[in-house]
Ligand code: SUG
């Protein structure tokens with residue numbers, strides 16, 4: 001089995017709308033002018049770097065934005081290019097967000113080695129805590145069903161019921177730890193509140209994921225070995241709206257801020273098998289400001305691990321020193337760090353690890369993938385971005401019908417390039433099929 005990272009392509013509508021209460025970067029950059037082209041190219045550079053290490057790299061297409069189905073359901077009519085002129089600014093921001101780029105929130109994935117029926121299971125996240133993200137589940141379900149269509153190998157479940165009791169944020173709150181050459185594994189499900197608690201559970205910021213949602217996903221996936229752990233209130237109130245802002249696991253290594261969890265993970269996970277790397281040399285505020293723990297932890301071919309970290313870590317000397325300490329510490333396999341500039345998308349509060357959905361696959365499963373999404377041509381994708389993306393985008397542009405047509409043209413060309421057929425609602429309706437196509 002090997003891990004394939006499916007990175008989300010940053011969509012052409014990438015903008016700073018300040019939509020995520022509790023996500024400090026998102027609210028702090030509200031109203032700034034964005035550069036979608038640069039954001040997409042920075043994301044592609046990350047994919048290229050991972051591929052240059054000899055690691056399999058996949059890509060997931062952005063969602064249709066503005067989201068035609070939501071505009072239609074809200075009474076703005078069938079044609080998104082007309083609807084954007086009638087929709088008020090707040091509705092437009094909601095249906096135009098490019099947040100689907102953060103594919104760590106697209107779904108939770110359990111590899112076949114972990115599941116009773118021996119299939120890879122996917123549950124698209126319902127992302128209920130934020131209106132602009134709650135519209136993603138439907139498209140994520142369709143996209144994953146298109147790519148992982150082979151029912152002998154894959155099971156794509158529907159998103160959990162759309163109630164706050166089952167609010168689910170996907171793989172950002174899920175880590176698979178494994179050892180003994182993959183023969184032993186635990187899936188760690190992290191949640192922020194009990195379903196019966198209010199969204200902020202008496203704290204400052206929303207607790208996006210419920211224990212009930214995590215348990216339902218583990219049940220649906222028939223996970224043989226699942227552990228449930230609550231995020232600390234302190235971490236969420238410092239701006240760690242997802243656990244992957246304060247912890248990252250890979251192989252048998254769990255790297256985490258010492259105050260990430262409500263309970264010491266050493267109490268719940270096998271201490272003889274897992275290499276715990278708690279970090280208490282930096283504050284939660286520093287962790288959130290630099291996104292150190294939102295690094296990707298990658299296993300290289302020699303078995304050592306590389307931390308693919310945001311540039312902001314390198315620029316904060318005391319945080320970078322903490323990284324040097326981790327690298328120098330011979331009791332963990334993390335040996336290298338690579339800093340990458342993902343600033344454009346990070347200004348919305350999503351770092352390197354948010355941009356990727358990890359799917360561990362064996363050879364037969366890899367063969368069973370549909371579409372040209374695995375190891376695509378990064379050259380061709382860059383050319384596509386250069387041709388279609390704007391370098392400046394601000395709120396008023398979202399109401400421009402020409403911009404809607406521009407994004408549709410870009411997305412149609414992309415689905416052709418990736419061999420994904422009519423993936424989007426606007427493609428299905430314009431070709432005369434029903435909204436759901438089936
Ligand atoms: O859900 N930001 C995303 C960032 C998601 C990061 N993902 C992980 N940690 N895995 C969010 O808060 C901001 C959109 C805006 O403000 O325009 C936003 O949706």
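Residue numbers (my numbering): 1 to 438. From the three backbone atoms N, C-alpha and C, an ideal C-beta is built for every residue, glycine too.
ask   = For residue 434, does the three-state DSSP call read helix, strand or coil?
value = Residue placement at residue 434 cannot be trusted, given a pLDDT of 46 that sits under 50; the coordinates are not used to answer.
task = Put residue 93 into one of helix, strand or coil per three-state DSSP.
result = Residue state, collapsed to three classes: helix.
ask   = Distance, Cα to Cα, residue 270 vs residue 177?
value = Near 10 Å, if we compare the C-alpha coordinates of residue 177 and residue 270.
query = DSSP three-state call for residue 3: helix, strand or coil?
reply = Reduced to three states, the DSSP call for residue 3 is strand.
ask   = Exposed or buried, residue 84, counting other C-beta atoms within 10 Å across all chains shown (16 or more means buried)?
value = That one is buried.
key: Any non-hydrogen atom of the ligand SUG within 7 Å of residue 303 CB   = Result no, Cβ not under 7 Å from the ligand SUG.
request  = Check the C-beta distance from residue 263 over to residue 219 and give it rounded, since I have them as a contact under 8 Å.
outcome  = Wrong, their Cβ atoms sit about 22 Å apart, outside the cutoff.
ask   = Among the residues of its own chain, which have a CB less than 6 Å from the CB of residue 414, if the five just before and after it don't count?
value = Once the five neighbours on either side are set aside, the close Cβ partners of residue 414 are 61.
ask   = DSSP state of residue 483, grouped into three classes?
value = Nothing in the structure corresponds to residue 483, since the chain is present only between 1 and 438.
request  = Examine the ligand SUG and report whether any of its heavy atoms sits within less than 7 Å of the Cβ of residue 8.
outcome  = No - the ligand SUG has no heavy atom lying nearer than 7 Å to the Cβ of residue 8.
query = Roughly how many angstroms separate the alpha carbons of residue 32 and residue 397, rounded to a whole number?
reply = The straight-line gap from Cα to Cα measures roughly 13 Å.
query = Of the choices 2, 3, 12 and 7, whose alpha-carbon is the least far from that of residue 405?
reply = For the residues 2, 3, 12 and 7, the minimum Cα distance to residue 405 belongs to 12.
query = Does at least one heavy atom of the ligand SUG sit under 7 Å from the Cβ of residue 441?
reply = The question about residue 441 has no answer here: the residues shown for the chain are numbered 1 through 438.
DSSP-derived helix/strand/coil call for residue 12 = Note: residue 12 maps to coil in three-state DSSP.
query = When DSSP builds the beta bridges, which residues end up paired with residue 139?
reply = Under DSSP, no beta-bridge partner is assigned to residue 139.
For residue 429, three-class secondary structure by DSSP = In the three-state DSSP reduction, residue 429 falls in the helix class (H, G or I).
Exposed unless 16 or more other CB atoms sit within 10 angstroms - verdict on residue 202 = The C-beta of residue 202 has fewer than 16 other C-beta atoms within 10 Å across all chains shown, which makes the residue exposed.
query = By the 10 Å Cβ neighbour count, where 16 or more other Cβ atoms means buried, how is residue 144 classified, buried or exposed?
reply = Buried: at least 16 other Cβ atoms inside 10 Å.
ask   = So residue 375 packs on residue 57, CB below 8 Å; how close in whole Å?
value = Indeed, because the Cβ distance is near 6 Å, the residues count as touching under 8 Å.
task = Could you check what DSSP says for residue 41 in three-state terms: helix, strand or coil?
result = Helix.
query = Mind pulling the alpha helix (DSSP H) runs of 4 or more residues that sit fully within the stretch 174-260?
reply = Qualifying alpha helix (DSSP H) stretches, in chain order: 211-220 and 233-237.
query = Going by C-alpha distance, which of 133, 158 and 240 is nearest residue 121?
reply = Residue 121 has its Cα closest to that of 158, out of 133, 158 and 240.
ask   = Would you call the CB atoms of residue 82 and residue 135 closer than 8 Å?
value = At least 8 Å separates the beta-carbon of residue 82 from that of residue 135.
query = Residue range of the beta strand (DSSP E) that residue 305 falls in?
reply = Segment 305-310, the beta strand (DSSP E) holding residue 305.
request  = May I ask you to report which of helix, strand or coil DSSP gives residue 385?
outcome  = Looking at residue 385 - three-state DSSP - the assignment turns out to be helix.
task = Output the residue ranges of the alpha helix (DSSP H) runs that lie fully inside the stretch 269-339 and measure 4 residues or longer, sorted by chain position.
result = Within the stretch 269-339, the complete alpha helix (DSSP H) runs of at least 4 residues are 284-290, 311-314 and 317-328.
task = Examine the ligand ZN and report whether any of its heavy atoms sits within less than 7 Å of the Cβ of residue 245.
result = With respect to the ligand ZN, the structure shown offers nothing to examine, as its ligands consist of the ligand SUG.
query = Bridge partners of residue 393, per DSSP?
reply = Residue pairing by DSSP puts residue 393 in a beta bridge opposite 34.
Pairwise C-alpha distance: residue 242 and residue 354 = Residue 354 and residue 242 have their C-alpha atoms roughly 9 Å apart.
message = Can you tell me where the beta strand (DSSP E) holding residue 112 begins and where it ends?
response = Where residue 112 is concerned, there is no enclosing beta strand (DSSP E), because DSSP gives it neither an H nor an E.
query = If you measure from the CB of residue 225, is any heavy atom of the ligand SUG nearer than 7 Å?
reply = Relative to the ligand SUG, the beta carbon of residue 225 is positioned no closer than 7 Å to any heavy atom.
task = Taking the CB atoms as reference points, tell me whether residue 100 and residue 43 lie closer together than 8 Å.
result = No, the pair does not count as a contact, with Cβ atoms beyond the cut-off.
ask   = Under the DSSP definition of a beta bridge, which residues are partnered with residue 154?
value = Per DSSP, 120.
message = Please return the same chain residues whose Cβ sits closer than 7 Å to the Cβ of residue 437, not counting the five positions on each side in sequence.
response = The predicted position of residue 437 is uncertain, since its pLDDT is 41 and thus under 50; a value taken from the coordinates is nonetheless stated next. Hits under 7 Å: 422 and 428.
ask   = Which residues does DSSP pair with residue 75 in a beta bridge?
value = Partner(s): none; residue 75 has no beta bridge.
inquiry  = Could you compute how far the alpha carbon of residue 171 sits from the alpha carbon of residue 358?
reply    = Computed Cα separation, rounded: 8 Å.
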